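Numbering (full-length UniProt numbering), first residue to last: 1 to 182.
In structure tokens, the structure reads:
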């Protein structure tokens, strides 16, 4: 029930993007098991030195190195925890942060040859996809053949920003699907 209350609250006031402009470079990919391969968050492309902001009000749970990378984690209402790396912290453990407040600076190094912010989210110890928390709906796969819900018709009515639609196309391509939109 607590998880449902959190998700309903987020539906009214989704998180703010931790970097602007927000371009999703890699999507969430849930692992089959606790130690299996996957991507337990999303990667956002951004310029080195970009300000990273808190997506919502909370308390800094951790700010420091993890496996040699600087990480900031924030605990939000209901036990939802967000994490960001590689971020040079501008906050310390126990600090209260407000939605949109600067928590650090994006550093290079998460992905070779690119500067990306890894954004993770956990609820009750389980990783969850951060995109819905940011107000982006999951992609809707459309049929390959014509009909009422083809790509052209479906995307004309799609909600969300153009960037999100671009992400959905890359998401579908990675999964060998021919058409998608958000």
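For each residue, glycine too, the CB sits at the ideal point set by N, CA and C. Note that the structure is predicted; figures quoted are calculated from it, not measured.
Neighbour flag for residue i against chain C, beta carbons, 7 Å
| i | result |
| --- | --- |
| residue 56 | The question asks about chain C, but that chain is absent: this structure has only one protein chain. |
Cα-Cα separation, residue i to residue j
| i | j | result |
| --- | --- | --- |
| residue 103 | residue 81 | 14 Å |
| residue 77 | residue 14 | 13 Å |
| residue 28 | residue 95 | 28 Å |
Pick from the options that is closest to residue i, judged by C-alpha positions
| i | options | result |
| --- | --- | --- |
| residue 117 | 126, 133, 87 | 87 |
| residue 119 | 52, 64, 77, 100 | 52 |
| residue 79 | 107, 35, 95, 61 | 61 |
| residue 43 | 55, 63, 14, 85 | 85 |
| residue 99 | 113, 75, 115 | 75 |
| residue 65 | 45, 134, 107, 131 | 107 |
| residue 125 | 114, 34, 21 | 34 |
Test item: CB-CB of residue i and residue j under 7 Å
| i | j | result |
| --- | --- | --- |
| residue 50 | residue 19 | yes |
| residue 55 | residue 16 | yes |
| residue 92 | residue 63 | yes |
| residue 40 | residue 127 | yes |
Cβ separation of residue i and residue j, assumed to be a contact under 8 Å, to the nearest whole Å
| i | j | result |
| --- | --- | --- |
| residue 58 | residue 97 | 6 Å |
| residue 115 | residue 47 | 6 Å |
*Entirely within the segment 66-151 and at least 3 residues each: give me those beta strand (DSSP E) ranges in chain order.*
Complete beta strand (DSSP E) runs here, min 3: 69-75, 81-85, 87-89, 102-106, 116-123.
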